[in-house]
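Asker:
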Amino acid sequence: MSDKITSKQLLGQLLQKHYDEALEAKKRGELVAWSTSIAPNEFCETMGIHVVYPENHAAAIGAKGGAIPLLETAEGLGYSVDLCSYARINLGYIKTLDCVADNIPLPDFIICCNNICNTLIKWYENIAAQLSIPMIMIDVPFNHERQVTQARVEYIKAQFTEAIGMLEKITGKDFDYERFYEVMRISAESCRYWKHAMSLAQQVPSPLNGFDIFNYMALIVCMRGKQGCIDTFKLLSEELEESIRQGRGAFKEGEKHRIMWEGIACWPYLGHNFKTLKSYGINMVGSTYPDAWALLYEPGDLDAMARAYSSIVNNCCLEQQVEYRTGVIKDFRCDGTIYHLNRSCKIMDFLQYEQQRQIAPATNVPFISFDGDQTDPRNFAQAQFETRVQALVEMMEEQKKAANNSQGGVEHV
Amino acid sequence: MSKFDQLIDSFRKPLSNPRGTVTEFKKTTGGKVVGCLPPYCPEEIIHAAGMLPVGIWGGQTHLSKVNTYFPAFACSLVQTTLELGLRGVYDDLDAVIIPSACDTLKCVAQNWKAAIPQVPMIPLVHPQNRKLQAGIKYLQSEYENIRSQVERIGGKRITDADITDSIGVYNRHRRVMRDFVLLAATYPNVITPSIRHLIFKSAYFMEKSKHTELVQDFIREVRQQSSITWQGRRVILTGIMAEPESLLELFNEYRLAIVDDDLAHESRQYRVDVPDGNEPLERLATAWSNFEGCSLAFDPGKKRGAMLLDMVSTSQADGIVVCMMKFCDPEEFDYPIYYEQLQTANIPVLYLEIDQNLNSVEQLRTRIQGFAELLK
Ligand code: SF4
Ligand code: SF4
Chain D
206 MSDKITSKQL LGQLLQKHYD EALEAKKRGE LVAWSTSIAP NEFCETMGIH
256 VVYPENHAAA IGAKGGAIPL LETAEGLGYS VDLCSYARIN LGYIKTLDCV
306 ADNIPLPDFI ICCNNICNTL IKWYENIAAQ LSIPMIMIDV PFNHERQVTQ
356 ARVEYIKAQF TEAIGMLEKI TGKDFDYERF YEVMRISAES CRYWKHAMSL
406 AQQVPSPLNG FDIFNYMALI VCMRGKQGCI DTFKLLSEEL EESIRQGRGA
456 FKEGEKHRIM WEGIACWPYL GHNFKTLKSY GINMVGSTYP DAWALLYEPG
506 DLDAMARAYS SIVNNCCLEQ QVEYRTGVIK DFRCDGTIYH LNRSCKIMDF
556 LQYEQQRQIA PATNVPFISF DGDQTDPRNF AQAQFETRVQ ALVEMMEEQK
606 KAANNSQGGV EHV
Chain C
471 MSKFDQLIDS FRKPLSNPRG TVTEFKKTTG GKVVGCLPPY CPEEIIHAAG
521 MLPVGIWGGQ THLSKVNTYF PAFACSLVQT TLELGLRGVY DDLDAVIIPS
571 ACDTLKCVAQ NWKAAIPQVP MIPLVHPQNR KLQAGIKYLQ SEYENIRSQV
621 ERIGGKRITD ADITDSIGVY NRHRRVMRDF VLLAATYPNV ITPSIRHLIF
671 KSAYFMEKSK HTELVQDFIR EVRQQSSITW QGRRVILTGI MAEPESLLEL
721 FNEYRLAIVD DDLAHESRQY RVDVPDGNEP LERLATAWSN FEGCSLAFDP
771 GKKRGAMLLD MVSTSQADGI VVCMMKFCDP EEFDYPIYYE QLQTANIPVL
821 YLEIDQNLNS VEQLRTRIQG FAELLK
């Protein structure tokens, strides 16, 4: 046993610190903000403001089995069961201020960027109204075109300036542009290391147990402006590179099938989903996560920063969404795809059927879809999931057999 | 046939056969027709090109094809719209404009390209930071894009002067529609909920100066009648839309007059005029910045509740009916906030779930009846 800390331990420590510090900061009377998961964190980080991420918090509550009481609280307030369960959990939490995971302090202001969905705008409007606090909105219009048009870049940049002005007013402090530059550098570097670590799952066998991505993700959401984030993903990369050198895959029993997972995890059933897949030797190697935080831009280049935040997969046209996923399936050498038809998330669901129709022939990879929900345990049925996975395994095996017969080749195990 | 009935007939005609309306417009004017999806399209630009903008807000139809695009939990408005499109009902349109105001509509626009490729799609994304000058400027660029795409379809330039003229036509129409709302509140015996709805809906299928004229005629005609004291109750509708029409007949049956509305399909369209100014596209963009009280227009101040309360007192309504489009996120998020405000002010509220494709409104009957009794 070496006493060298692992990336997983580091991840755990940093996240604990992240949540502890927010509570302590609030107690000391310092400002706390809530932010959407892929909003530009650079501004608050520059100002030294503690930021908490309700989506991450809701996921943690869901994973710990504590969603139901908060969902019910929100529904009691009149929120429809059809709304995003992250939003319902959070709006319920605002009432109860208690949950099974770490508690988070109420915000003094909120920052919202709709690059993953417009649902966030409505959710955050309600937080602002309920708590009577300022809301900083960074609106990045949906890209129906293949590129972020210059008119949109200008609009987004003007909102950056507006956000800085609002922060100066809220904090009573001047915005430090030198520090801003440094934060941009750290954030971009975090994102680069994140993408690099995730890309190592392209190896066959993958050194990364794909479901770990769901855990590491918390860090890139919550702390990408901090050195600790870079350190963790650097360490993770080293660990994975070492595994690759030794030819060691994430599964001791061997990796029989490699899949892409489309959509958010079903947090309340993470263990069940993982075990079901593992029982067939399925590793989830591909996902849309590596690129969700691939916010790569040169520090100081605000045009590029605006483009990066606007180019999140959810905010791109159908063609790009298809190309992107086709690329993941190919690069990560996936044998199949599992689509999560997530009852919570209209933006990710309502293009899914057309994507399936276009991606399947482009990749020649079978797929299944299951009905679930990221954090509402009432919208998921274990039996359906298991049957669908079994069907996928059969299809993947068929396909491999056919490929072996025609090529006389050996399948990768 | 009385003058009144003749007028009602003229409103009904374009609706009874929308496809016929489109082909007739094309035949008589040689102009093109552009479909406008909800919630808000810059119709003035299309009008300025001598084209007919028609509203596409779904409708009642059997769903058989759309489930290859949407799972069951998408609102009926887009389900029925795409279903009709997949069946070729919109094939006579020269283009459609799809604003991406909610997550569902973003996906409708993207699916449209694959599902209905024969009808070109022009996307529109409104800015949500509507109060910023940069937001207005960005929206102007969106409108500029629409102008050039419509020009391409029509094969001729749309000048600023053309758009300015159309803004005049539309502002006049808006004012007349607001007059009509006041009239409907004064003459609930004559202007039943169904007739009220008909007049709003017909606006989506007629050239606006013609519609203006017709509504003005209608207003004159109704004013000649003496207003009878209304024996029933007075309500306000809020939401995206109030359909199917059979739902409105229940209001009539239980003597609930619609004295004002906050429906995206109806009064929200006419709430603000396009302001004065020099550049017509900038004027159109500024209207979006001035607009308030819609779940699709960013408002961290959540003014909708206060606006509803104002509406109640101005129109002396007895209660509010929430026409909640099922699976409509933006409206569902607004509800708990304004509901609390209405409750605090002791305003009775009826919550109705709207599914445009509802086969029978009978299940809503007891709720509407109960509400009418509660208001007595
Ligand atoms: S789960 Fe979907 S709807 Fe909910 S916040 Fe995330 S992207 Fe938006
Ligand atoms: S979800 Fe609501 S806003 Fe969006 S298209 Fe449907 S009815 Fe309109």
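Protein chains in written order, with this note's numbering: chain D, 206 to 618; chain C, 471 to 846.
Every residue, glycine too, gets a C-beta built ideally from N, C-alpha and C.
Bear in mind the structure is a predicted one, so any value in this text is a computation, not a measurement.
1) Enumerate, from N- to C-terminal direction, the unbroken alpha helix (DSSP H) stretches of 4 or more residues contained entirely within the segment 525-587 of chain D.
2) Please list the terminal residues of the continuous alpha helix (DSSP H) segment that includes residue 382/D.
3) Which of the three DSSP states is assigned to residue 517/D in this structure?
4) Ignore the nearest five residues each way along the sequence and tell me which others in residue 617/D's own chain have a CB closer than 7 Å to its CB.
5) Should the segment 390-398 of chain D be regarded as contacting the segment 430-445 of chain D, the criterion being three or more beta carbon pairs within less than 8 Å?
6) Let's test the definition: count the other Cβ atoms within 10 Å of the Cβ of residue 303/D and tell me whether it reaches 16, buried, or not, exposed.
7) For the segment 324-335 of chain D, list every residue whose C-beta sits within 9 Å of some C-beta in chain C, in sequence order.
8) Only counting the same chain, and skipping five residues up and downstream in sequence, which positions put a Cβ closer than 8 Å to that of residue 620/C?
9) Do you know offhand how far residue 292/D's Cα is from residue 331/D's?
10) Answer yes or no: does any C-beta atom of chain D fall closer than 9 Å to that of residue 771/C?
11) Any Cβ of chain C within less than 9 Å of the Cβ of residue 417/D?
12) How would you call residue 361/D, buried or exposed, if buried means at least 16 neighbouring beta carbons within 10 angstroms?
13) Would residue 243/D and residue 388/D qualify as a contact pair, given that the criterion is a beta-carbon distance under 9 Å?
14) Leaving aside the five residues before and after residue 324/D along the sequence, list all residues of the same chain whose C-beta is less than 6 Å from its C-beta, in chain order.
15) Just to make sure I have the definition right: I need the residues of chain C whose C-beta is within less than 8 Å of the C-beta of residue 529/D. Which are they?
16) Take the Cβ of residue 588/D as the centre, count every other Cβ of all protein chains shown within 10 Å, and call the residue buried at 16 or more, exposed below.
17) With DSSP as the reference, label residue 466/D as helix, strand or coil.
18) Name the residues in the segment 416-439 of chain D whose C-beta lies less than 8 Å from a C-beta of chain C; which are they?
19) Does residue 441/D get closer than 9 Å to chain C when you measure Cβ to Cβ?
20) Does any heavy atom of ligand 1 sit closer than 8 Å to the C-beta of residue 514/D?
21) List, in chain order, every chain B residue whose beta-carbon is nearer than 9 Å to that of residue 226/D.
22) Can you name, in chain order, every residue of its own chain whose Cβ lies under 6 Å from the Cβ of residue 306/D, other than the five neighbours on each side?
23) If residue 594/C sits next to residue 614/C, beta carbons under 8 Å apart, how far is it from one beta carbon to the other, in whole angstroms?
24) Are there any heavy atoms of ligand 1 lying less than 8 Å away from the beta-carbon of residue 793/C, as far as the coordinates show?
25) Against residue 550/C, what residues of chain D qualify as contacts under a CB-to-CB distance less than 9 Å, listed in chain order?
26) Mind listing the chain C neighbours of residue 525/D? Cutoff is C-beta to C-beta under 8 Å, in chain order.
27) Under 6 Å Cβ to Cβ from residue 519/D, same chain only, skipping five residues before and after it: list those, please.
28) Hey, quick one: how far does the alpha helix (DSSP H) through residue 358/D stretch, first residue to last?
29) Measure the beta-carbon distance from residue 575/C to residue 553/C and round it to whole angstroms, keeping in mind my assumption that it falls under 8 Å.
30) Going straight from the alpha carbon of residue 379/D to that of residue 386/D, what length do you get?
31) Going by DSSP, what residue range makes up the alpha helix (DSSP H) through residue 843/C?
32) Enumerate, from N- to C-terminal direction, the unbroken alpha helix (DSSP H) stretches of 4 or more residues contained entirely within the segment 450-512 of chain D.
33) Is residue 616/D helix, strand or coil by DSSP?
34) With H, G and I counted as helix, E and B as strand and the rest as coil, what does DSSP make of residue 255/D?
35) What residues in its chain sit with their C-beta under 6 Å from that of residue 676/C, if we drop five residues either side in the sequence?
Answerer: Concretely, from the data shown:
1) 551-554, 557-568
2) Locating residue 382/D in the first sequence gives position 177, counting from the first residue. Counting along the chain, the alpha helix (DSSP H) containing residue 382/D begins and ends at 382-404.
3) One-based indexing of the first sequence puts residue 517/D at position 312. The answer is coil: DSSP assigns residue 517/D none of H, G, I, E or B.
4) By 1-based counting over the first sequence, the position of residue 617/D is 412. Unreliable positioning characterises residue 617/D in this predicted model, as indicated by a pLDDT of 46, which lies under 50. The coordinate reading is nonetheless provided below. Here the set comprises 409.
5) yes
6) Here residue 303/D refers to the residue found at position 98 of the first sequence. With fewer than 16 Cβ atoms within 10 Å of its Cβ, residue 303/D is classed as exposed.
7) 324, 326, 327, 328, 329, 330, 331, 333, 334, 335
8) In the second sequence, residue 620/C corresponds to position 150, counting from 1. Correct list, in chain order: 504, 515, 516, 519, 521, 565, 592, 628.
9) Position 87 of the first sequence, counted from the first residue, corresponds to residue 292/D. Position 126 of the first sequence, counted from the first residue, corresponds to residue 331/D. For residue 292/D and residue 331/D, the distance between alpha carbons rounds to 10 Å.
10) As a working mapping, residue 771/C is identified with position 301 in the second sequence. Yes, its Cβ sits closer than 9 Å to a Cβ of chain D.
11) Stepping through the first sequence from its first residue, residue 417/D is reached at position 212. False, the Cβ-Cβ gap to chain C never drops below 9 Å.
12) Walking along the first sequence from the start, residue 361/D turns up at place 156. Result: buried.
13) Locating residue 243/D in the first sequence gives position 38, counting from the first residue. Locating residue 388/D in the first sequence gives position 183, counting from the first residue. No. Outside cutoff.
14) Here residue 324/D refers to the residue found at position 119 when the first sequence is read from its first residue. 289, listed in sequence order.
15) Here the question's residue 529/D lines up with position 324 in the first sequence. Going along chain C, no residue has its Cβ under 8 Å from residue 529/D, so there is no contact; the nearest lies around 14 Å.
16) Against the first sequence, residue 588/D aligns to sequence position 383. Burial call: exposed.
17) Numbered from its first residue, the first sequence carries residue 466/D at position 261. In the structure shown, residue 466/D sits in a strand (DSSP, three-state: E or B).
18) none
19) In the first sequence, the residue the question calls residue 441/D occupies position 236. It does not; no Cβ of chain C falls within 9 Å.
20) Indexing the first sequence from 1 puts residue 514/D at position 309. Not under cutoff, so the answer is no.
21) Chain labels in this structure do not include chain B; the protein chains are D and C.
22) Numbered from 1 along the first sequence, position 101 holds the residue referred to as residue 306/D. Correct list, in chain order: 265, 266, 269.
23) Translated into the one-based positions of the second sequence, residue 594/C becomes position 124. Translated into the one-based positions of the second sequence, residue 614/C becomes position 144. Contact flag wrong, Cβ pair sits at about 11 Å.
24) Counting from 1 along the second sequence, the entry for residue 793/C is found at position 323. Checking every heavy atom of ligand 1 against the Cβ of residue 793/C, none is found closer than 8 Å.
25) Counted from its first residue, the second sequence places residue 550/C at position 80. Result: empty, since nearest Cβ-Cβ is about 15 Å, beyond 9 Å.
26) Walking along the first sequence from the start, residue 525/D turns up at place 320. Near residue 525/D there are no residues of chain C at all, since even the closest Cβ is about 10 Å away, more than 8 Å.
27) Looking up residue 519/D in the first sequence gives position 314. Excluding sequence neighbours, residue 519/D sits near 321, 552.
28) As a first step, residue 358/D must be located in the first sequence, where it is residue number 153. That run of the alpha helix (DSSP H) goes 355-376.
29) Stepping through the second sequence from its first residue, residue 575/C is reached at position 105. Stepping through the second sequence from its first residue, residue 553/C is reached at position 83. Not confirmed; about 16 Å, so no contact.
30) As a working note, residue 379/D is residue 174 in the first sequence. As a working note, residue 386/D is residue 181 in the first sequence. Their backbone Cα atoms lie some 15 Å apart in a straight line.
31) Start at 1 with the first residue of the second sequence, and residue 843/C comes out as number 373. Segment 832-844, the alpha helix (DSSP H) holding residue 843/C.
32) 475-484, 494-497
33) In the first sequence, residue 616/D corresponds to position 411, counting from 1. Residue placement at residue 616/D is poorly supported in this model, since its pLDDT is 44, which falls under 50; the coordinates are not used for a value here.
34) Taking the first residue of the first sequence as 1, we reach residue 255/D at position 50. Residue 255/D: strand per DSSP, three-state reduction.
35) Here residue 676/C refers to the residue found at position 206 when the second sequence is read from its first residue. So the list reads 484, once near-sequence residues are dropped.
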